[in-house]
Structure formats: C-alpha cells, structure tokens
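Colleague: In the UniProt record's numbering, the protein residues as written are 1 to 265. Glycine included, C-beta positions come from ideal geometry on N, C-alpha and C.
1. Once the 5 residues before and after residue 252 are set aside, which same chain residues still bring their CB inside 6 Å of it?
2. Residue range of the beta strand (DSSP E) that residue 132 falls in?
3. On the DSSP letters alone, give me the boundaries of the alpha helix (DSSP H) that residue 184 sits inside.
4. When the Cα atoms are used, what is the spatial distance from residue 160 to residue 139?
5. Thinking C-beta only, is residue 177 closer than 9 Å to residue 233?
6. What are the residues that DSSP puts in a beta bridge with residue 249?
7. Leaving aside the five residues before and after residue 225 along the sequence, list all residues of the same chain whose C-beta is less than 6 Å from its C-beta, in chain order.
8. Between the segment 210 to 230 and the segment 148 to 155, are three or more C-beta pairs nearer than 8 Å?
9. How about residue 144: is its C-beta nearer than 9 Å to some C-beta of chain B?
10. Any idea if residue 113 is buried or exposed, counting beta-carbon neighbours within 10 angstroms, 16 or more meaning buried?
11. Using 8 Å as the cut-off, can you tell me whether the segment 166 to 175 makes contact with the segment 235 to 244, which would need three or more C-beta pairs spanning the two stretches below that distance?
12. Pull up the distance between the alpha-carbon of residue 157 and that of residue 166, whole angstroms please.
13. Just how far apart, CA to CA, sit residue 250 and residue 181?
14. Residue 204 and residue 239 - do their beta-carbons sit closer together than 9 Å?
15. Given this structure, state the Cα-to-Cα distance separating residue 137 from residue 118, to the nearest angstrom.
16. Just to confirm the assignment: which complete beta strand (DSSP E) runs, minimum length 3, are found wholly within the segment 197 to 252?
17. How many angstroms separate the CA atom of residue 189 from the CA atom of residue 219?
18. Would the beta-carbon of residue 97 fall within 9 Å of that of residue 186?
19. What are the boundary residues of the alpha helix (DSSP H) that includes residue 159?
20. For residue 208, which of 227, 191, 127 and 193 has the nearest alpha-carbon?
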C-alpha cells in the first residue's frame, strides 16, 4: 500500500559513497513537499513545523557508559537533527537498527520492520523528504514493514553496508542527529524509570559491537542487551547521556507519541 507519490527522480540526493561514513555538513532544512494525504500528515511531523491532523493509521560483548564520554558528546550538538539538511546518507540510522538493504543490478531497496503505526507514518515521511517512494504492509505477527522502491539512489548505501549479502557497518560510522533520529523512529523505546533502548537487527550480531562503538563516539555509551535480556538493543542510561540523545534527535514528529520519544530528564 503506497503512502507516497514520490518516485525515483533525479531530484533525489546524489549517490556519493563518501557521505555514508562521514557526518553531514550543517545546512538549513528545506520546506517539505506534499506527497498524498497520509504522507502530508507525516511530513509535517518530520519537518517539525506542520499542522497536526487527526487521521492516524491505527492497524490492529557490552559497552558501559563512563563520565568521560560526555565531554566528547557535548561537541556533537553541532550534528543534531536540526543542524543539517536531510540526505540519503541519513538512512544509515535505519541500518544501524533493524533496517535491511538488498541489491538488484544497479539498484537497491531498503526495508525496515516496525512495531507501531506511528513509526510507519514517521518513516514514510522521512523517506519522502529524501525523494524516495515508500510503501508499507502488515506482517503476520502484527507488525508492519516499510520499504522503498528499488532505486539507483540507494546503491551507495548498499555498497557501504553490505559485505556480500551480509549487513555490516562501514569501518567508520558517525551517528549524527538525523541518523539517530531515524534509528529512534524505527526502533527506539523508553525504558522506565530512567533508560532508553535502541533496537538492533536480530540477524546482525556481528554488527552490534561496531554500533556500540559508534554510539560511544557520539557521547552515548550504552550497554548491549542480548535477546534473552529483552534485546537485541542498546540501553542508554544516565542523565547526561539521555539529555544528549534528546538534543541530538530533536523534538518528536507529530505522529510520534511524545512519551515514547527521547526527552531531557
């Protein structure tokens, strides 16, 4: 079921492989464009300045944080979600979580399975902001799969993250605010009384340590939870780290329940 009228156009972000491991330069965020009734609602939330509308879809080894990483993290508000223009490179945040990318010829397609309708709205909007058509469908276990069309625009992303058919982070991965925002939108969950979980791909255990290192480099040192402990996920705790996460990902999209989005303690 398509939620976006946007196609694979030349206006999409250029496929520059170097963008994927490197942080994006700061720039102003362009005004969003409308892409159908449902996508328009979600786009308003993704851009953080649209009107709220009422028609939401309602389908039925470990890394521990240390105080030292907070000083490094303070430098990274410069790369917060509001500091840079949306680019296809940001989709690395989905692949850091449960997202998958596959290649076909000179094209690639990204997909991610999510557990709530609000995530569908937010992700379709975020993909539309980057010139990518997206569709969604329910899964047998009551979740939803969001996927793009096959497009040449995603080929560099696939090249950076795939080793053969296996998903693995690039050797150098910077988790900027926009990338973290997408990770939170796809698989972020608050953990009372004072934690936040970032879900990981269940079939990607060889990637988990590298992602933990990338979180630590962003000032968000976290503890890896195994599947038997409620994961796979990284648990972020501590007032300073939770504040850092909230600063980096920005305000919640309109479609996201505020209580489920990172907030300053």
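Modeller: Here's the rundown:
1. The residues are 258 and 261.
2. Premise fails: residue 132 is in no beta strand (DSSP E) and is neither H nor E.
3. Residues 177 to 187.
4. Taking the straight line from one Cα to the other gives about 28 Å.
5. Taking 9 Å as the cut-off, the Cβ atoms of residue 233 and residue 177 do not count as close.
6. For residue 249, DSSP records no beta bridge to any residue.
7. Short of 6 Å from the beta carbon of residue 225, and not among the five residues preceding or following it, lie these beta carbons of its own chain, in chain order: 231, 233 and 235.
8. In short, these stretches do not touch, since the Cβ pair count stays below three.
9. The structure shown contains no chain B; it is built from a single protein chain.
10. With 16 or more Cβ atoms within 10 Å of its Cβ, residue 113 is classed as buried.
11. No contact exists between the segment 166 to 175 and the segment 235 to 244.
12. Approximately 13 Å between the Cα atoms of the pair.
13. Inter-residue distance for residue 250 and residue 181 is about 8 Å (C-alpha atoms, whole angstroms).
14. It is not a contact, given that the beta carbons lie outside the stated cut-off.
15. Distance between the alpha carbons of residue 137 and residue 118 is about 14 Å.
16. Counting whole runs of 3 or more residues, the segment 197 to 252 contains the beta strand (DSSP E) stretches 223 to 225 and 233 to 237.
17. Rounded to the nearest whole angstrom, the C-alpha separation of residue 189 and residue 219 is 19 Å.
18. For residue 97 and residue 186, yes; Cβs fall inside 9 Å.
19. Per DSSP, the continuous alpha helix (DSSP H) segment holding residue 159 begins and ends at 155 to 161.
20. That would be 227, whose Cα lies nearest to the Cα of residue 208.
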